[in-house]
Each structure stands twice: as C-alpha cells, then as structure tokens.
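Notes follow once the structure below has been shown.
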Amino acid sequence: MKIIPKNGIEKLIFGMKQNDVTALYGKPDRNYKDEDNNVIFAYNKLKMRLTFYVEEDFKLGYIVASSPELELFGFKMINRKISEVKKDLATKGITKFTEEEFDTFENYFNEENWIIFQTEFDEVVKFEIGAIINQKDEFDWKFGKK
1311 MKIIPKNGIE
1321 KLIFGMKQND
1331 VTALYGKPDR
1341 NYKDEDNNVI
1351 FAYNKLKMRL
1361 TFYVEEDFKL
1371 GYIVASSPEL
1381 ELFGFKMINR
1391 KISEVKKDLA
1401 TKGITKFTEE
1411 EFDTFENYFN
1421 EENWIIFQTE
1431 FDEVVKFEIG
1441 AIINQKDEFD
1451 WKFGKK
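Following this line, the structure appears as structure tokens:
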C-alpha cells in the first residue's frame, strides 16, 4: 500500500466523502463517532482507521494504519527499527522530526508532510497521516483536484 505524502494512502485521497470510500473498499468493519462527533471507519483487512471531520462536511482528513504492506517512497516501515526508517527517509529529504514519548511508545512527527511514525520498543508499529493545512489555515483537500 503506497503512501502518497500530503495526499493519502493508495486510492484514499484526503477530501473524499464516506460514500467515495465505501465505493472503493466496501462497508467498514466498524463505523462510529469519536468524542468530537467525527465519523470513524475501521477496516480490519486494510488495518486502517479513517477519520471524516464533522467540521469539514465529513471529508476524509486523517488515516491511521498499521499494515506491514505500507510503503513510503518504496520503503516498508511497519515492524522495522525507527533508525532504519529515518535513514531511508533522509535519502528523500525527510529529516526533521519532533519526538514525543508516552510510556513505552514514541511518536516521530514530520510536520511538513503531516506524518507520524509511532514506535514501541524501537520498532515502527503504527503510521499516521493527515491532510495538510495551507497558508490560509485551511485544509488543502486533494480529492477532485487535477
């Protein structure tokens, strides 16, 4: 599954509506609302959780994924040491990360591409990507753009 920085993962493009996603991947295994009333789709087979923002007319704005098939610039990430992943990404110019620690987990956040690598025991266990916010402080929706 190819990650497309600033756009989404595979055919999932930021700005899609729920019906666009179900047309591609079918009905989610779980469909619920979070504490902010955003709609969440969870797909077990894809190992992905999708967030549709209530304040943005329920457009797809955030993806959390943990499939070992995820690739960024052709590099696999899940179940690999974060030091190896960072070394691979440096060859593509992605070198700035903000690090946060939570118990046994660490997050490595790259704001330019709005991506997070979550690690546990020094290995990447989860990947998160969000829609980019532009200079006008608005989401830069990619779906439907040419």
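Position one of the sequence shown corresponds to residue 1311 (my numbering), numbered consecutively onward. Using N, Cα and C, we set each Cβ at its ideal position, and we do this for glycine too.
Neighbourhood of residue i by C-beta, 8 Å cutoff - its chain only, sequence neighbours within 5 removed
i, result
"M1387", "L1380, E1381, V1395, F1427, V1434 and F1437"
Where residue i falls: helix, strand or coil (DSSP)
i, result
"A1441", "coil"
"I1314", "strand"
"I1404", "coil"
"I1392", "helix"
"N1423", "coil"
"T1429", "strand"
"N1329", "helix"
"K1397", "helix"
"L1334", "helix"
Residues that DSSP places opposite residue i in a beta bridge
i, result
"M1358", "Y1353 and A1375"
"K1369", "Y1363"
"E1410", "N1417"
Buried/exposed call for residue i, threshold 16 Cβ in 10 Å
i, result
"T1361", "buried"
"I1443", "exposed"
"G1336", "exposed"
"T1429", "buried"
"K1369", "buried"
"G1325", "buried"
"A1333", "exposed"
"G1384", "exposed"
Residues near residue i by beta carbon distance below 6 Å, same chain, minus five either side
i, result
"I1323", "N1317, K1452 and F1453"
Other residues of its chain near residue i: CB distance less than 7 Å, five sequence neighbours each side excluded
i, result
"D1346", "V1364"
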